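Colleague: Here it is, the structure in full.
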Amino acid sequence: MSSVTTMPGAPESGGKASNLITRIENELRELWKPPEDPTAPPLSRVCTMNIEVVAPTKELLERYTPVIDEVTASIPARAILASIEPDSAAEEVTGSATVVCSLAGGKKICSERISLGFHGNASARAASAIEAFLVPEIPTALVWLGRVHTDDPVFEDLARNTSRIILDSEYTSISSVIHVAAWARSQRHAPEISDLAWTRIAAWQELLARFFDDAETRPLASKITRIVLKQAGETGARIGPESALMLGWIGTRLGWKTSRLAGALRFKREDGAAVTIELDAVPRPKGVAPHTLAALMIEAGDDPHAPALRGSIERELASGLTDQANTTPDADVIDWKCTRAGGAEIEQRIRLGPNKAAKWLERTLHRPLRDVAFAESVAFAEHIVEDGLTVS
Amino acid sequence: MTTPCANPLRRGLIEDRTGDPCAVVIFGASGDLTRRKLLPAIYNLALSRSLPSGFAVVGVARRAKTAAQFSAEMKEGVAQFSRRKPIDPALWTDFERGLGYVQGSFDDPSTYKKLSAHLDELDNERGTRKNRLYYLAVPPSEFATIVANLKQAELVADPIAERSGGPWTRIIIEKPFGHDLESSRQLNDCIASAFAETQVFRIDHYLGKETVQNLLVFRFANSLFEPIWSREHVDNVQITVAEEIGVEGRGKFFEQTGVTKDIVENHLLQLLSLTAMEPPISLSADAVRDEKVKVLRSLRRMEPTMIRENVVRGQYGRGFIKGEEVLAYREEPDIAKDSKVETYVAMKVLVDNWRWGGVPFYIRAGKRLPRKVTEIAIQFKQVPHSLFAAPDGGISPNVLTVRVQPDEGIALRFTTKEPGNATILRDVAMDFRYGSAFGSNTPEAYERLLLDAIRGDATLFTRRDEVEEQWAFIDPVIEAWRGQASAPPGYPAGTWGPEQADDLLARDGRRWRRP
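Chains as they are written, first to last, in this note's numbering: chain C, 44 to 435; chain U, 244 to 758.
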């Protein structure tokens, strides 16, 4: 386990953007100077990528800063964090540089964090200022917090020079992700789009696939008759991004089609048979995000009344270890069960990965850039979201 | 049999291959390897959700104990040796439901009857689907007995039926794979009497290390290095496997093997073959191993004269490791006072093929050397003409170093100008370290290798012909030493080996790197 320490440079100050950039570059040079005390351990500067984070307010950016510090402790990077507030009365750019170090295996591994604030009309220059700090020849990821508009010139300029745009549809919406994905397709050198909600359901995808790994059950994948999804929240709520993406993923992998019956959404398998989809709610414990996927049950076989396979994946919400702030940042436990007609029930208890923002971002950064399944699933999920599938 | 992409829901998943449900049966379950390495590795696979849904572990050993006692021992082992601590109680409860123990002697057929009955139960209760992975964590002297009894008890699946989707059986064996070519052939014949080669997984834990796997990626996924990876540009290659430790309670074993059989015959020759191999046509197990075995076949066999000139052995005397005085080899427990066993060996090896003709591979392995390090260093040729005055004897050649352990990584040494008005040259290194760039929590070699065996991927395991080629190369060296009356030259513990090893390179106008 590594602990994060910071060595701030000069306090944040404002001024002309070009002066600020020069000053921050000088600060970084100072921070990397060998220590005057010859006995002090040298710092190892490591940089494997640029991470740009853009937030609509300084407060949001400050809340997200510890997340980035934790990520750079395991993925050493130059982090450039910017709040952009065009409606602010002042017209200025502020900034500071900090070295963020973590101890791993007795070694001090350090990353750089550059924090910038763009106010008033200076916001229009945000992209060019941020780009001035990018380390060349390494990948750049843009984490966009808050609502995203593809006609926003700051977004456009930054997005064009990144390899990956990371959104969280839990906080924006599936529609925003769809919108950004469409924008990316129209670009000559399109960045890849990632969604933290997609990363959060990766373990669910793998667990669902397990039901059909066995040669005997594999044909049943094309004979799913019923799926029940449960999400944290209240009855009557709309389907959340995790459930929608999960359904989108299942549908696209299995060649399902959607259709309408008197306006209502219907799911059909590749062979034309109907699939029943139910969306239920479970109580949302404190600290659990709304719409968190809580359970998934499937039935498959030729006879919907006597399924050949029943499977369930149930997450014990907030069962992760509780920390001092009384939240459960650690991984929740999942019960995976599979019953075949005439066979014994196979059961496994599995722990999901740590349930905290830094870990989701870290895992997203570790995923392959191009993910065809994501693009297809988002498109499929669009129908589900448009239809407004609600919790019964 | 693995089922890549056959499951439509696996298509596009990062982990698109999963192992089939199976039972892992560990023979020698009371031993240290099980407690220190195997169970912690399996537990970590469970933590990372890498195990198949139907899974169980069965320990087989002579000692009488209940399943509960076995489970408690394993829990203690996992608590102590797992890379991820502490034990997760929620998962352990589930994990230990799949742990079983069968007590019995390996030469007693009734042991296998009990095992068979237990495995049948697991098929019903844990859904292990009649798939078996046997792990022989026992001395090689037990292999023949276990293999024969498994066959006798009909606990080995038909490999032809396996290919058409029937239940599978695999067997993992630990080195040493024999003690010379003849015994290695006998051992392989014995295993082949019950198992097809496709069912045999010979484990060399070095091949499970990240850097070793990365060597293939480094060579064949970068266009920069492969074109200069040949006699045209490479002056020499140095491969070092150095250990600080002495024999550490393994005196009896080491007296039988020496460092040549313990390290050079397997780990070192595997590193050499991965370094020198041609690009495989694919990453399939046999495509990679075909190329490795071609390198082993290309090694120039050592004639007696050549052995005298190109091989140096040594034995450590008293000395200092990290400031602490340590005993001489002959003073260690279970070591003969007049032992002639080598604790150090250095060789100049030639690879007689188109790519490497004339490029010496200097390999060395030793105990009680100044530090623990395993590395492969590719030393490139000098520039053809030096434009710069280099008062200290010339411009240093570029060196590319692949560090296998510790601090796994890759470093490239090159020459730069020191800032200032004068042209002063200085060597600098671009240094990539896995731990710094990707975090240090990488899986243990045993995790990767066990998972590969469960998945049926034999790429990182040694094939029969590789083992036999390795022995065919080493045997003449051992044979030549057998006839020598004198003991190996001594070297003080904490130094880089005997002076003769330096002479070996000095004769070629070269010197060893100081890793």
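Ideal Cβ positions, reconstructed from N, Cα and C, are used throughout, including at glycine.
Just so it is clear, the structure is predicted and the values come from calculations on it, not from any experiment.
Determine contact between the stretch 286–301 of chain C and the stretch 240–249 of chain C, defined as no fewer than three beta-carbon pairs at a distance below 8 Å.
Modeller: Flag = yes, the stretch 286–301 of chain C and the stretch 240–249 of chain C touch.
Colleague: Are the beta-carbon atoms of PHE176(C) and ILE157(C) separated by less than 9 Å?
Modeller: For PHE176(C) and ILE157(C), yes; Cβs fall inside 9 Å.
Colleague: Could one say the Cβ of THR91(C) lies closer than 9 Å to chain U's Cβ atoms, at least one of them?
Modeller: Chain U contact via Cβ: present.
Colleague: Below 8 Å on the Cβ atoms is my contact criterion, and I expect TRP403(C) with GLU390(C) to pass it. Report the Cβ-Cβ distance as a whole number of Å.
Modeller: Incorrect: roughly 27 Å between the Cβ atoms, too far for contact.
Colleague: Can you tell me whether ARG706(U) is helix, strand or coil according to DSSP?
Modeller: Coil at ARG706(U), not helix or strand.
Colleague: For a cutoff of 9 Å on Cβ pairs, would you count PRO247(U) as touching chain C?
Modeller: Caution is warranted here: a pLDDT of 42 is assigned to PRO247(U), below 50, making its placement in the model unreliable, and no coordinate value can be reported.
Colleague: Going by beta carbon distance, what residues of the same chain come within less than 7 Å of ARG753(U), once the five residues before and after it are set aside?
Modeller: Around ARG753(U): ASN479.
Colleague: Can you tell me where the beta strand (DSSP E) holding GLY347(U) begins and where it ends?
Modeller: Where GLY347(U) is concerned, there is no enclosing beta strand (DSSP E), given that its DSSP letter is neither H nor E.
Colleague: Note the first and the last residue of the continuous alpha helix (DSSP H) segment covering ILE217(C).
Modeller: First-last of the alpha helix (DSSP H) with ILE217(C): 217–228.
Colleague: SER325(U) touches chain C at which residues, Cβ-Cβ below 8 Å?
Modeller: Chain C residues near SER325(U): none, gap ~14 Å exceeds 8 Å.
Colleague: Quick check: what's the CA-CA separation for ARG462(U) versus PHE468(U)?
Modeller: Whole-angstrom Cα-Cα distance: 6 Å.
Colleague: Please list, in chain order, the chain U residues whose beta carbon lies closer than 7 Å to that of ILE393(C).
Modeller: Going along chain U in sequence order, the residues near ILE393(C) (Cβ under 7 Å) are ARG292.
Colleague: Relative to the C-alpha of THR659(U), which residue among ALA333(U), ALA665(U), GLU475(U) and ARG669(U) is closest?
Modeller: That would be ARG669(U), whose Cα lies nearest to the Cα of THR659(U).
Colleague: Looking at the structure shown, is LYS591(U) part of a helix, part of a strand, or coil, going by DSSP?
Modeller: LYS591(U): strand per DSSP, three-state reduction.
Colleague: At which residues does the alpha helix (DSSP H) containing SER355(C) begin and terminate?
Modeller: Where SER355(C) is concerned, there is no enclosing alpha helix (DSSP H), although the beta strand (DSSP E) it sits in stretches over 352–359.
Colleague: Between ARG203(C), VAL415(C), LEU290(C) and GLU277(C), which lies nearest to ILE320(C) when the distance is taken from Cα to Cα?
Modeller: Of the candidates ARG203(C), VAL415(C), LEU290(C) and GLU277(C), the one whose C-alpha sits nearest the C-alpha of ILE320(C) is LEU290(C).
Colleague: Go through its chain and collect everything with a Cβ distance to SER273(U)'s Cβ below 6 Å, but skip five positions before and after it.
Modeller: Around SER273(U): ALA304 and ARG306.
Colleague: Mind pulling the beta strand (DSSP E) runs of 3 or more residues that sit fully within the stretch 302–367 of chain U?
Modeller: Listed in chain order, they are 342–346.
Colleague: Between the Cα of VAL460(U) and those of LEU526(U), GLU508(U), SER426(U) and GLY421(U), spot the shortest distance and give me the residue it belongs to.
Modeller: Considering only alpha carbons, the answer is LEU526(U).
Colleague: Taking C-beta to C-beta, are ASN457(U) and LYS537(U) nearer than 9 Å?
Modeller: No. Outside cutoff.
Colleague: For the alpha helix (DSSP H) containing GLY291(C), name the first residue and the last one.
Modeller: Note, GLY291(C): alpha helix (DSSP H), 284–296.
Colleague: Does GLU196(C) pass the burial test, meaning 16 or more other C-beta atoms within 10 Å, or should it be called exposed?
Modeller: First, the amino acid is wrong: residue 196(C) is Pro here, not Glu. The residue is exposed, with fewer than 16 neighbouring Cβ atoms inside 10 Å.
Colleague: According to DSSP, is CYS265(U) part of a helix, a strand, or is it coil?
Modeller: DSSP places CYS265(U) in strand when its eight states are reduced to three.
Colleague: Establish whether the CB of ARG296(C) and some CB of chain U are separated by less than 9 Å.
Modeller: ARG296(C) counts as touching chain U.
Colleague: For a cutoff of 9 Å on Cβ pairs, would you count GLN274(C) as touching chain U?
Modeller: Closer than 9 Å: no.
Colleague: As a quick exercise: from ALA122(C), ILE94(C), SER139(C) and ALA167(C), pick the residue whose alpha carbon is nearest that of GLU128(C).
Modeller: Out of ALA122(C), ILE94(C), SER139(C) and ALA167(C), ALA167(C) has the C-alpha closest to the C-alpha of GLU128(C).
Colleague: Check whether the stretch 320–328 of chain U and the stretch 364–379 of chain U touch, using three or more Cβ-Cβ pairs below 8 Å as the test.
Modeller: No: fewer than three Cβ pairs fall under 8 Å.
Colleague: How is ARG88(C) classed by DSSP in three states: helix, strand or coil?
Modeller: DSSP places ARG88(C) in strand when its eight states are reduced to three.
Colleague: In this structure, how does DSSP classify ILE157(C) when only helix, strand and coil are distinguished?
Modeller: DSSP places ILE157(C) in strand when its eight states are reduced to three.
Colleague: Under 7 Å between beta-carbons, which chain U residues line up against ILE152(C)? List them in chain order, please.
Modeller: Chain U residues near ILE152(C): SER679.
Colleague: For a test of the three-state rule: what should DSSP assign to THR500(U), helix, strand or coil?
Modeller: Helix.
Colleague: By the DSSP assignment, the beta strand (DSSP E) with TRP403(C) in it spans what residues?
Modeller: Element bounds for TRP403(C): not the beta strand (DSSP E) but the alpha helix (DSSP H), 400–409.
Colleague: Can you name the residues of chain C whose CB is closer than 8 Å to the CB of GLU368(U)?
Modeller: Neighbours of GLU368(U) on chain C, chain order: ALA387.
Colleague: Check the DSSP bridge columns for PHE563(U) and list the partner residues they point to.
Modeller: Note: PHE563(U) sits in a beta bridge opposite GLU568(U).
Colleague: Mind listing which residues of the stretch 695–709 of chain U have their C-beta closer than 7 Å to chain C's C-betas, in chain order?
Modeller: Listed by position along the chain: nothing, the set is empty.
Colleague: Please work out which residues of its chain come closer than 8 Å, Cβ to Cβ, to GLY344(C), disregarding the five sequence neighbours upstream and downstream, and give them in chain order.
Modeller: Excluding positions up to five away in sequence, the list reads LEU263, LYS266, THR268, PRO350, ALA351, LEU352 and ALA384.
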